[in-house]
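Mapping to the UniProt record's numbering: the sequence shown position 11 is 11, numbers consecutive.
We treat Cβ as the ideally placed atom computed from N, Cα and C, and that holds for glycine.
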Amino acid sequence: MALRYQITTKATREIVVVVVVVVVVIVVVVVVVVVVVVVVVVVVVVVVVVVVVVVVVVVVVVVVVVVVVVVVVVVVVVVVAEVLEEVVRVVVVVVVVVVVVVVVVVVVVVVVVVVVVVVVEVVVIVVVVVVVVVVVVVVVVVVVVVVVVVVVEVVVIVVVVVVVVVVVVVVVVVVVVVVVVVVVVVVVVLVVVVVVTVCCRSDRSCNSACGCCYCC
1 MALRYQITTK ATREIVVVVV VVVVVIVVVV VVVVVVVVVV VVVVVVVVVV VVVVVVVVVV
61 VVVVVVVVVV VVVVVVVVVV AEVLEEVVRV VVVVVVVVVV VVVVVVVVVV VVVVVVVVVV
121 EVVVIVVVVV VVVVVVVVVV VVVVVVVVVV VVEVVVIVVV VVVVVVVVVV VVVVVVVVVV
181 VVVVVVVVVL VVVVVVTVCC RSDRSCNSAC GCCYCC
């Protein structure tokens, strides 16, 4: 019983230690994953905000420059038109066409830049989402593997404990049976010896009633 208690206590302690270690590992992994995800999200948000601010500033500067250029050109055209009305008409038409072309080109460039920025942001967000999903899948796989390992270890420990207990019980039963057989044999031998001794002392005449005719 003492041996069985010691084995059971030791197995229980091993199971508790394994479970505690597994829980600590899982908690550390989850904390590291959460920290990494938070850092990645913060970096992505900061990058997106910086890119948007830069794009807005560039657009505002371009618009201001275009407006200033248009205003300057219009003023110059008006002043020159007062002096050279006929010539200025042609110049005005050319300038207007050039300004329109420049404005269109600037607008197209701005639109292209905005589209590129949006595409880059979408790609970054998709990459971040994929990374987060991969990390979560890896964490889930690690947790499942750890749980399976713990369950297998617990099952192995329980099987070992059961086998040891069964072996101890069988050994105890065998020892008890052997002791009982030895005691019975000793008792039978003692009874036979006592009967033979008493019979042979009380009857030396080969009387078979005592069953010890060999004493004659």
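V120 and V143 have their C-alpha atoms some 34 Å from each other. A Cβ-Cβ distance of about 50 Å is found for the pair V44 and V159, leaving them out of contact under the 8 Å criterion.
The C-alpha of V92 is placed about 10 Å away from the C-alpha of V98.
Counting only runs of at least 3 residues, the segment 55-141 fully encloses no beta strand (DSSP E) element at all. Taking the Cα of V146 as reference, the smallest distance to any Cα among V17, V63, V22 and V132 is reached at V22. In chain order, V117, V120 and E121 place their CB closer than 8 Å to the CB of V51, counting only its own chain and leaving out the 5 sequence neighbours on each side. Within the same chain, Cβ atoms closer than 8 Å to the Cβ of V139 are found at V29, V30 and V33, the five residues on either side in sequence being excluded. Proximity of the segment 182-195 to the segment 47-67 falls short of the contact definition, fewer than three beta-carbon pairs being nearer than 8 Å. Pairing V128 with V150, the inter-Cα distance amounts to about 33 Å. Going by C-alpha positions, V63 is about 55 Å away from I26. The alpha-carbon of V166 is positioned some 35 Å away from that of V24. With contacts defined as CB atoms closer than 8 Å, V66 and V103 qualify as a contacting pair. Non-local beta-carbon contacts of V132 in its own chain, meaning distances under 8 Å to residues more than five positions away in sequence, involve V37 and V40 in chain order.
Counting only residues of its own chain and dropping the five nearest sequence neighbours on each side, V135 has a CB closer than 6 Å to the CB of V33.
By the CB criterion at 8 Å, V47 and E153 fall outside the cutoff. If you check the CB distance, V59 and V110 come in under 8 Å.
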